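Peer 1: First to last, the protein sequences are chains A and B. Residue numbering for the first sequence follows the working numbering, starting at 452 and increasing by one per position. Residue numbering for the second sequence follows the working numbering, starting at 452 and increasing by one per position. From the three backbone atoms N, C-alpha and C, an ideal C-beta is built for every residue, glycine too. Bear in mind that the values here come from a model prediction, so they are computed numbers and not experimental data. This is the structure I have questions about; it appears just below.
There are 2 protein chains.
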Amino acid sequence: MTKYVKKICEIVEQSYSHMTAEQVFQALRQVYPTVVLATVYNNLNRLCDMGLIRRVTQEGMPDRYDRIQRHDHLVCKQCGKLLDVDLTDLTEQFQKQVGVPILAYDLKLMYICEDCKNKK
Amino acid sequence: MTKYVKKICEIVEQSYSHMTAEQVFQALRQVYPTVVLATVYNNLNRLCDMGLIRRVTQEGMPDRYDRIQRHDHLVCKQCGKLLDVDLTDLTEQFQKQVGVPILAYDLKLMYICEDCKNKK
DNA sequence: TCTCCTTTTTAGAATGATTCTAATTTCATT
DNA sequence: AATGAAATTAGAATCATTCTAAAAAGGAGA
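In structure tokens:
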């Protein structure tokens with residue numbers, strides 16, 4: 452656990468904004484001005500592998516990083532904006548239905564956000 | 452609806468293998484040997500916009516294209532292999548829980564496939 | 001059939017997020 | 001102080017995808 456790993460983990464966990472690697476980099480630079488983007492990528496990968504943060508992959512945009520605590524996402528179909536939602540955990544139910552051990556699941560609910568609804 | 456759009460749509464719908472753009476391109480070349488990759492991308496995008504096929508985005512690998520008929524996916528956490536599963540449609544339930552109109556949802560169940568389990 | 005206009009296709013360059021490589025630095029341990 | 005392992009760095013490389021501008025194809029009317 453280097454200072455970079457620790458700080459990056461903090462940044463991701465404390466932000467509820469699903470930051471991109473670039474944004475994490477900018478935030479980290481406030482504290483460690485000499486750090487380099489590759490280090491951020493390295494450590495984000497490391498943290499994902501360790502299961503301390505999770506990666507959110509969405510079509511047409513860079514990956515985002517999110518706290519690990521179980522929750523699902525509302526995704527605007529127009530602009531891609533991401534919102535957290537707390538739905539009940541369905542792992543058990545899914546596992547029963549498919550008959551193999553489910554380690555986790557990734558659920559995205561597509562909708563049209565207020566901004567996009569108004570723009571139309 | 453050009454011949455390319457039509458054929459690409461057919462290829463994607465009839466393959467249950469979640470093809471990449473490159474794979475669709477290879478398949479299309481069997482029929483139209485002079486076609487170009489950019490055309491495949493153009494038309495895959497068009498078909499997605501029209502809602503005739505859907506894109507499956509997964510971390511660390513090129514996008515795949517899938518028939519539109521409602522179904523969910525089992526994803527191997529190790530190798531990324533994709534399997535179709537037919538779970539009950541939960542749109543209604545989710546919509547009630549979040550209180551906004553849900554247009555669709557994207558559900559991926561993470562597991563470890565037999566191959567990867569054995570490799571360990 | 002010829003003309004005009006729109007849409008599609010093409011070739012190839014450009015983009016951009018992410019990874020890779022090899023060198024350097026850091027850090028813990030002896 | 002010396003060794004070795006792990007982390008960081010700079011910068012090049014990768015690769016899926018998009019973009020650009022030009023060429024080709026298609027379709028509707030005269």
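1. Quick one, which residues of the segment 540 to 554 of chain B are near chain A if we go by CB-CB under 7 Å, in chain order?
2. Going along the chain, which residues of its own chain have a beta-carbon closer than 7 Å to the beta-carbon of B/R497, five neighbours each way excluded?
3. Near A/R518, which residues of its chain fall below 6 Å by C-beta distance, leaving aside the five closest residues on each side in sequence?
4. So, with DSSP's three-state summary, where would you put B/L560?
5. Can the beta-carbon of B/V536 be found less than 8 Å from the beta-carbon of B/D523?
6. According to a CB-to-CB cut-off of less than 7 Å, which residues of the segment 482 to 512 of chain A neighbour chain B?
7. Classify A/C460: buried if its beta carbon has 16 or more other beta carbons within 10 angstroms, exposed otherwise.
8. Are the CB atoms of B/P552 and A/Y562 within a distance shorter than 8 Å?
9. Can A/Y516 and A/I504 be called in contact, C-beta distance under 8 Å?
10. In three-state DSSP terms, what is B/I504?
Peer 2: Quick answer:
1. Residues passing the 7 Å Cβ filter: F545, Q548, V549, V551, P552, I553, L554.
2. The residue given as residue 497 of chain B occupies position 46 in the second sequence. These residues qualify, in order along the chain: V456.
3. Position 67 of the first sequence, counting from 1, holds the residue named residue 518 of chain A. So the qualifying residues of the chain are E464.
4. Residue numbering aside, residue 560 of chain B sits at position 109 when the second sequence is read from its first letter. In the structure shown, B/L560 sits in a strand (DSSP, three-state: E or B).
5. The residue labelled residue 536 of chain B in the question sits at position 85 within the second sequence. The residue labelled residue 523 of chain B in the question sits at position 72 within the second sequence. In this structure, B/D523 lies closer than 8 Å to B/V536 by Cβ.
6. Within the segment 482 to 512 of chain A, the qualifying residues are R506, T508, Q509, E510.
7. One-based indexing of the first sequence puts residue 460 of chain A at position 9. So A/C460 ends up on the buried side.
8. Your numbering for residue 562 of chain A matches position 111 in the first sequence. Your numbering for residue 552 of chain B matches position 101 in the second sequence. Going by C-beta atoms, A/Y562 is nearer than 8 Å to B/P552.
9. Here residue 516 of chain A refers to the residue found at position 65 when the first sequence is read from its first residue. Here residue 504 of chain A refers to the residue found at position 53 when the first sequence is read from its first residue. Against a cut-off of 8 Å, the Cβ pair of A/I504 and A/Y516 comes out as a contact.
10. Looking up residue 504 of chain B in the second sequence gives position 53. In the three-state DSSP reduction, B/I504 falls in the strand class (E or B).
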